[in-house]
Amino acid sequence: EIEVTKLVGVGRGLPVDTDHELGTSGGGKMLLINLRPQNEGFPFEVHQSVERIVVLSGRLTMEQKRRRKNEEGKVEDSETDLQQYSLDAGDMATVFPGITHRFASDADAVILTCTGFVV
Numbered sequence: 002e003i004e005v006t007k008l009v010g011v012g013r014g015l016p017v018d019t020d021h022e023l024g025t026s027g028g029g030k031m032l033l034i035n036l037r038p039q040n041e042g043f044p045f046e047v048h049q050s051v052e053r054i055v056v057l058s059g060r061l062t063m064e065q066k067r068r069r070k071n072e073e074g075k076v077e078d079s080e081t082d083l084q085q086y087s088l089d090a091g092d093m094a095t096v097f098p099g100i101t102h103r104f105a106s107d108a109d110a111v112i113l114t115c116t117g118f119v120v
């Protein structure tokens, strides 16, 4: 039998910014998240594996801390210089390991995230 889930409807019914686990496999995790505009940006995060973010509905702006070499030649995140990426429904962002990123304060979307899967 095939089970059909209307992800956008389920997502909009979720509490805001709460992970809803859809499944796991081999250390990977699929999450459904309902994002709504916030007064401030969401917290920055960094993952040790690739994260894929699919916008199912709405619009999502992501922010990434730009990376620069310091005076000693070591690469570090800028605390003030952010790169922004705008995604619409149907778009997917791939965030590579070690990249400091977050959802911007204007996020208004239902998203599906996949982390930890071998691709």
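Under my numbering, the first residue of the sequence shown carries the number 2, and numbering increases by one thereafter.
Quick reminder that beta carbons are idealized off the backbone N, C-alpha and C, glycines included.
Would you give the residue range spanned by the beta strand (DSSP E) that residue i belongs to?
i, result
"Gly-59", "52 to 70"
"Phe-104", "102 to 104"
Going by DSSP in three states, residue i sits in which element: helix, strand or coil?
i, result
"Ile-112", "strand"
"Glu-80", "strand"
"Asp-89", "strand"
"Val-5", "coil"
Considering only C-alpha positions, which residue in the set the options is nearest to residue i?
i, options, result
"Phe-45", "Arg-103, Ser-58, Thr-114 and Val-111", "Arg-103"
"Val-55", "Val-11, Glu-73 and Leu-88", "Leu-88"
"Ile-34", "Gly-28, Gly-42, Val-9 and Glu-41", "Val-9"
"Gly-91", "Arg-37, Glu-80, Thr-81 and Ile-112", "Ile-112"
Return the chain-ordered ranges of every beta strand (DSSP E) run that is complete within the segment 7 to 50 and spans a minimum of 3 residues. 21 to 26 and 29 to 36
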